[in-house]
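Taking it in order: structure first as structure tokens, then the write-up.
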Amino acid sequence: MNIKMHKGNRFQLRFHEGYKGKETPRAVFISSREFKIDCVLERKRIFDKQTGKRSDVFTCEMEGQRVRIVVQDSGEFELVYL
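For the sequence shown, the residue numbers in numbering that gives the first Met the number 0 are 0 to 81.
This is the structure:
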């Protein structure tokens, strides 16, 4: 199941913000429901040489399920249940 989410829509991604800015995803909000992220298992930054776009990819445990969250520099993100 893939969920594509755009900044400003009913879907939001909340981060822990440290000295580097948005560092670690903490929760996903869909409408008024909050899905807490239990832990981040892996984090990597991907650079697409063709488009020049960067994205951060997080593999997380969210409410007992493993998910992948891909966050674009534009603020758009995609959530994929694994």
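C-beta: ideal position from N, C-alpha, C; glycine also.
Since the model is a prediction, treat every value here as computed from it, not as a measurement.
Report the rounded CA-to-CA distance for residue i versus residue j, giving the unit in angstroms.
i: V27; j: C38; result: 13 Å
i: L12; j: I29; result: 9 Å
i: G63; j: E41; result: 16 Å
i: Q45; j: I36; result: The question names Gln, but residue 45 is Ile in the sequence shown. Between I45 and I36, the C-alpha separation is close to 21 Å.
Which residue comes first and which comes last in the beta strand (DSSP E) that contains residue i?
i: T58; result: R53 to M61
i: D97; result: In this structure the chain extends from 0 to 81, so residue 97 is not present and cannot be described.
i: E77; result: F76 to Y80
Suppose contacts are defined by Cβ-Cβ distances below 8 Å. Is residue i in contact with residue j by that definition?
i: I68; j: L78; result: yes
i: F14; j: R32; result: no
So, under 8 Å CB-CB, residue i and residue j are touching, yes? Tell me the CB distance rounded to an integer number of Å.
i: C59; j: V70; result: Rounded, the Cβ-Cβ distance is 12 Å, inconsistent with contact.
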